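**Q** Protein chains in written order, with this note's numbering: chain A, 110 to 542; chain B, 110 to 542.
Each residue gets a CB set at the ideal place from its N, CA and C atoms; glycine is no exception.
Just so we're clear, the structure is a prediction, and the values are computed from it rather than from any experiment.
Below is the structure I would like to discuss, written out as structure tokens.
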């Protein structure tokens, strides 16, 4: 254990020092494809190397190939944060190495997962009694939900969604051989109700906070339509769902309490390290019906359903520990403070864009994502994006809305300050000239 | 960062101390269902709590609910090890919080994953040039492989496997709406070649090291049949595959180099913390064909396929870092030493069983798993198993072979010594009286 303590102290110091200096590192990796691969040996060593060699090569070889998701100046896709309690809980999870293939293999893993999801449901104002478990990503959660929906409605093979629905819905539909029926978006990029056709549908995927522009589908109306037609309603709130911890933002989530299944990613906007995607359902028997399968070597005397009966993987990591640590070490108030500050900063940025000639806000802003562009062609905006990302000072991404290329600034890192957002704006204006 | 350094030092000390005392903890958790849940508060706290409170409750509340997979006296299912470099690499991964949704989001994640899988392929004697990536579990890997096989053979909907194939094949077939065609096993629990019927089949799943008894399907013959019939051959070596690091065990893997896809779990027998399941394929274009989907918001200028195009999840954790750390800190020699010792210990235990009246070895032993039983009824053997597991001294599991309940002793923890195996045998004999 001497080695573990010494190596561990070095790894911990590396992590602490990384978090201290990450703001000043080039946010988007500037390496060329293949450069990292080329810098690594072709084969594993014959003899053991010290852990110090791993740390050394992390600095010398891998560092240039990292895009710094932990940077407060990361504004691309959806910005996120692996918070300190979350990081340390991952250390503990790895040391415990629980493998939750069934209840007795780790009662604490399974029951803490259930409790942590119940805590989170309560924080978000969701109904009591929903069954919750953790998936790696919302993509897998969608496969899980749609497989249950397919099994619950034999012969119905259509999934209705918005043209702005995340591509994971199309991916899941392809895997499950379901037909995708995308509905056009309205001016605010929410699903057009007059175009929703539920005939032959087993499921409808509604989104609160789309990936492109954080748009909100009209969930109360969609829920009523789904209830009438007997169609499974999955609500994808992977990014935005965490914001429901703030009561003042709850109105944006109207109707999600009527979902048959609901996904929220604590690894996006709730301070939890990758990966931790929450999936709740008020129809857990349908999930179990789609996935449960208990071979002899997993049969046990106790009468407890295992969480592996509700989804694809048999083995599960002790992910609940980090979520539990985050919820405790922030508390409801701490989580609210982070979300509110991010929404405030996004509002500031939005106003700067509005106030500036030749710049335009391109979508309603509900949360911490601002969609905007400079006047000019798509090519000019894309070139502008590449220029600002090449500075290494900030990292933004893009999407396409209403046929035009649009820039996205997403705030979601706990360390992001008003100065960081102002820097992004300054770099944008400077590079636009 | 003071808090992070202090809390981190406490977490590290907790982990070090846990690893020191884990041998003496009751291996199988002895709590009743619901006990852990009942000991936890109903809601998250309002105000932040210190990280020390998490560590305190890990001891006071969760500890009785842990089944100690890290115990050298864990012999159930497939024993495993989260080694020290693997644990510390998980700390680093969490601190870096890379989210590999596409190449530019973390070139180092993607290229290290490719390199680590190439290193591992080389260590195992696999052909050069296969495409490799990491899945969470072999269950997900199977879904990935079978989805590719299904897409590659339109109209063919049958998956051939052995009656001893892991239940994840049945689960994947259900998800993909494929028909399972199980083939009976021979005396050694390998697939009976004379019963293999590939008509209408898109895939055959062959196993090297089944879950029940670590049996080996006749892969060279199956590979030839698959090649003739144009059927995708997936080889599941989730447990046993790591043993191919030892040249003297390579003959047991004959034919796997002809697989279309191959799964090996470093989180089982290769010292890597949960979760890390390697999936290689020599037909990566078929995987990509089944899963690739690049929406506008993920379009980039560089011409690099993302690993997310080869499977279900979009986001991926920096799992490669722990595998890389393990391969380096053990080296080929260190990995071989661990595997060889486990195989030796299993051989010893097997001999003790053979030499003892009223005990019987129930399956050929190729690796580190021994299947055995005491004479008497299934009920008596199951009751014996429950008694020895209730002692907390060791943890074994069971399966069913040739219609009889059989006990399984699986060696796979790096800390397991001859004394630990002897203790298991003594407890078994004592409780059998």
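According to DSSP, simplified to helix, strand and coil, what is residue 243/A?
**A** Sequence index remark: in the first chain, residue 243/A carries index 134 (1-based). If DSSP states are grouped into helix, strand and coil, residue 243/A belongs with the strands.
**Q** Rounded to whole angstroms, what is the Cα-Cα separation between residue 345/B and residue 447/B?
**A** Mapped onto the second chain, residue 345/B falls at position 236. Mapped onto the second chain, residue 447/B falls at position 338. Cα to Cα, residue 345/B sits roughly 22 Å from residue 447/B.
**Q** If you count every other CB in all the chains shown that lies within 10 Å of the CB of residue 199/A, and 16 or more means buried, which is it?
**A** The residue you call residue 199/A lines up with position 90 of the first chain. Residue 199/A should be labelled buried.
**Q** Answer with yes or no whether the minimum CB distance from residue 138/A to chain B is below 8 Å.
**A** Walking along the first chain from the start, residue 138/A turns up at place 29. With 8 Å as the cut-off, residue 138/A counts as an interface residue toward chain B.
**Q** The region 248-259 of chain A: which residues have C-beta closer than 8 Å to a C-beta of chain B, in chain order?
**A** Sequence-ordered contacts of the region 248-259 of chain A with chain B read 248, 249, 252, 256 [C-beta pairs closer than 8 Å].
**Q** What's the gap between the Cα of residue 444/B and the Cα of residue 351/B?
**A** Numbered from its first residue, the second chain carries residue 444/B at position 335. Numbered from its first residue, the second chain carries residue 351/B at position 242. Each residue's alpha carbon lies about 9 Å from the other.
**Q** Taking a contact to mean a Cβ-Cβ separation below 8 Å, would you say residue 183/A touches residue 204/B in this structure?
**A** Numbered from 1 along the first chain, position 74 holds the residue referred to as residue 183/A. Numbered from 1 along the second chain, position 95 holds the residue referred to as residue 204/B. With respect to the 8 Å criterion, residue 183/A and residue 204/B are not classified as neighbours on the basis of their beta carbons.
**Q** On the three-state DSSP scale, how would you describe residue 345/B?
**A** Position 236 of the second chain, counted from the first residue, corresponds to residue 345/B. Reduced to three states, the DSSP call for residue 345/B is strand.
**Q** Whole angstroms is fine: what's the gap from residue 191/A's alpha carbon to residue 472/B's?
**A** One-based indexing of the first chain puts residue 191/A at position 82. One-based indexing of the second chain puts residue 472/B at position 363. Taken atom to atom, the span from the alpha-carbon of residue 191/A to that of residue 472/B is near 47 Å.
**Q** Any beta-carbon of chain A closer than 8 Å to the one on residue 438/B?
**A** The sequence position of residue 438/B within the second chain is 329, counting from 1. Cβ-Cβ to chain A under 8 Å: yes for residue 438/B.
**Q** Using 10 angstroms around the beta-carbon of residue 486/A, count the other beta-carbons present and answer buried if the total reaches 16, otherwise exposed.
**A** Indexing the first chain from 1 puts residue 486/A at position 377. Exposed.
**Q** Please give the ranges of any beta strand (DSSP E) in the region 364-449 of chain B, keeping only runs that are unbroken, at least 3 residues long and fully inside the region.
**A** List check, beta strand (DSSP E) in window: 370-373, 386-390.
**Q** When the distance is taken between beta carbons, is residue 520/A closer than 8 Å to residue 530/A?
**A** Numbered from 1 along the first chain, position 421 holds the residue referred to as residue 530/A. Numbered from 1 along the first chain, position 411 holds the residue referred to as residue 520/A. Taking C-beta atoms as the reference points, residue 530/A and residue 520/A count as a pair closer than 8 Å.
**Q** Assuming residue 234/A and residue 353/A are in contact, meaning their beta carbons sit under 8 Å apart, how far apart are those beta carbons, in whole angstroms?
**A** Here residue 234/A refers to the residue found at position 125 when the first chain is read from its first residue. Here residue 353/A refers to the residue found at position 244 when the first chain is read from its first residue. With 8 Å as the limit, residue 234/A and residue 353/A qualify as a contact, their Cβ atoms being about 6 Å apart.
**Q** Count the other CB atoms within 10 Å of the CB of residue 219/B; is the residue buried (16 or more) or exposed (fewer)?
**A** As a first step, residue 219/B must be located in the second chain, where it is residue number 110. Counting Cβ neighbours within 10 Å, residue 219/B comes out buried, since at least 16 surround it.
**Q** Using the Cα positions of residue 193/A and residue 380/A, report the straight-line distance between them to the nearest angstrom.
**A** Within the first chain, residue 193/A is the residue found at index 84, counting from 1. Within the first chain, residue 380/A is the residue found at index 271, counting from 1. The alpha-carbon atoms of residue 193/A and residue 380/A are separated by roughly 9 Å.
**Q** If you run the structure through DSSP and keep just helix, strand and coil, what is residue 310/A?
**A** As a first step, residue 310/A is located in the first chain; it is residue number 201 there, counting from the start. Correct three-state label for residue 310/A: strand.
**Q** Compute the Euclidean distance between the alpha carbons of residue 413/B and residue 336/A, then round it to the nearest angstrom.
**A** Here residue 413/B is taken as the residue at index 304 of the second chain, counted from 1. Here residue 336/A is taken as the residue at index 227 of the first chain, counted from 1. Computed Cα separation, rounded: 43 Å.
**Q** Assess, as a yes-or-no matter, whether the region 399-412 of chain A is touched by the region 204-213 of chain A under the definition of 3 or more beta carbon pairs within less than 8 Å.
**A** Contact annotation: the region 204-213 of chain A touches the region 399-412 of chain A, with at least three C-beta pairs closer than 8 Å.
**Q** So, at 6 Å on beta carbons, what are the nonlocal neighbours of residue 368/B in its own chain, with the 5 sequence-adjacent residues on each side left out?
**A** Position 259 of the second chain, counted from the first residue, corresponds to residue 368/B. Beyond the five residues adjoining it in sequence on each side, residue 368/B comes within less than 6 Å, by CB distance, of 342, 344 in the same chain, given in chain order.
**Q** Under 8 Å by Cβ, that's how I've got residue 422/A and residue 249/B pegged, so tell me the actual separation to the nearest angstrom.
**A** In the first chain, the residue the question calls residue 422/A occupies position 313. In the second chain, the residue the question calls residue 249/B occupies position 140. The Cβ separation is near 6 Å, so the contact holds.
**Q** Determine the DSSP secondary structure at residue 472/B, reduced to helix, strand or coil.
**A** For the purposes of this step, residue 472/B is taken as the residue at position 363 of the second chain. Judged by DSSP in its simplified three-state form, residue 472/B adopts coil rather than helix or strand.
**Q** In chain A, which residues lie less than 8 Å from residue 116/B when you measure between Cβ atoms?
**A** For the purposes of this step, residue 116/B is taken as residue 7 along the second chain, with counting starting at 1. Result: 193, 194, 197.
**Q** What span of residues does the beta strand (DSSP E) with residue 509/A cover, start to end?
**A** Within the first chain, residue 509/A is the residue found at index 400, counting from 1. Start and end: 506-510.
**Q** Just to confirm my understanding: we take residue 330/A, look at its own chain, exclude 5 residues before and 5 after, and list those with CB closer than 7 Å. What are they?
**A** Residue numbering aside, residue 330/A sits at position 221 when the first chain is read from its first letter. Counting only Cβ-Cβ distances below 7 Å, and skipping sequence neighbours, we find 302.
**Q** Which residues in chain B sit within 7 Å of residue 228/A, going by Cβ to Cβ distance?
**A** Indexing the first chain from 1 puts residue 228/A at position 119. By Cβ distance, chain B contributes 152, 153.
**Q** Since residue 517/B and residue 478/B are thought to touch, with beta carbons under 8 Å apart, how far apart are those beta carbons, to the nearest angstrom?
**A** Here residue 517/B corresponds to residue number 408 of the second chain, with the count starting at 1. Here residue 478/B corresponds to residue number 369 of the second chain, with the count starting at 1. Between residue 478/B and residue 517/B the Cβ distance is about 6 Å, and since that is below 8 Å, they are a contact.
**Q** How far does the beta strand (DSSP E) with residue 362/A in it reach, from first residue to last?
**A** To locate residue 362/A, count along the first chain from 1; it is residue 253. Where residue 362/A is concerned, there is no enclosing beta strand (DSSP E), given that its DSSP letter is neither H nor E.
**Q** Rounded to whole angstroms, what is the Cα-Cα separation between residue 393/B and residue 136/B?
**A** Position 284 of the second chain, counted from the first residue, corresponds to residue 393/B. Position 27 of the second chain, counted from the first residue, corresponds to residue 136/B. Each residue's Cα considered, the two are about 41 Å apart.
**Q** Tell me the rounded alpha-carbon separation between residue 438/A and residue 292/B.
**A** Position 329 of the first chain, counted from the first residue, corresponds to residue 438/A. Position 183 of the second chain, counted from the first residue, corresponds to residue 292/B. Each residue's alpha carbon lies about 53 Å from the other.
**Q** Between which two residues does the alpha helix (DSSP H) holding residue 486/A run?
**A** For the purposes of this step, residue 486/A is taken as the residue at position 377 of the first chain. No residue range can be given for residue 486/A, since it is assigned to no alpha helix (DSSP H) and is classified by DSSP as neither H nor E.
**Q** Just to check my reading of the structure: residue 494/A and residue 541/A have Cβ atoms closer than 8 Å, yes? What is that Cβ distance to the nearest angstrom?
**A** On the first chain, residue 494/A is found 385 positions in, with the first residue counted as 1. On the first chain, residue 541/A is found 432 positions in, with the first residue counted as 1. That belief does not hold up - the Cβ atoms of residue 494/A and residue 541/A are roughly 10 Å apart, past 8 Å.
**Q** Closer than 7 Å to a non-hydrogen atom of the ligand FAD - does that hold for the CB of residue 435/B?
**A** This structure lacks the ligand FAD, and indeed carries no ligand of any kind.
**Q** Using DSSP with H/G/I as helix, E/B as strand and the rest coil, what is residue 355/B?
**A** Indexing the second chain from 1 puts residue 355/B at position 246. The DSSP-derived three-state label of residue 355/B is coil.
**Q** Mind listing which residues of the region 447-469 of chain A have their C-beta closer than 7 Å to chain B's C-betas, in chain order?
**A** none
**Q** Would you mind working out which of 489/B, 528/B, 383/B, 534/B sits nearest residue 505/B, comparing C-alpha positions?
**A** Against the second chain, residue 505/B aligns to sequence position 396. Comparing Cα-Cα distances from residue 505/B to each of 489/B, 528/B, 383/B, 534/B, the minimum goes to 534/B.
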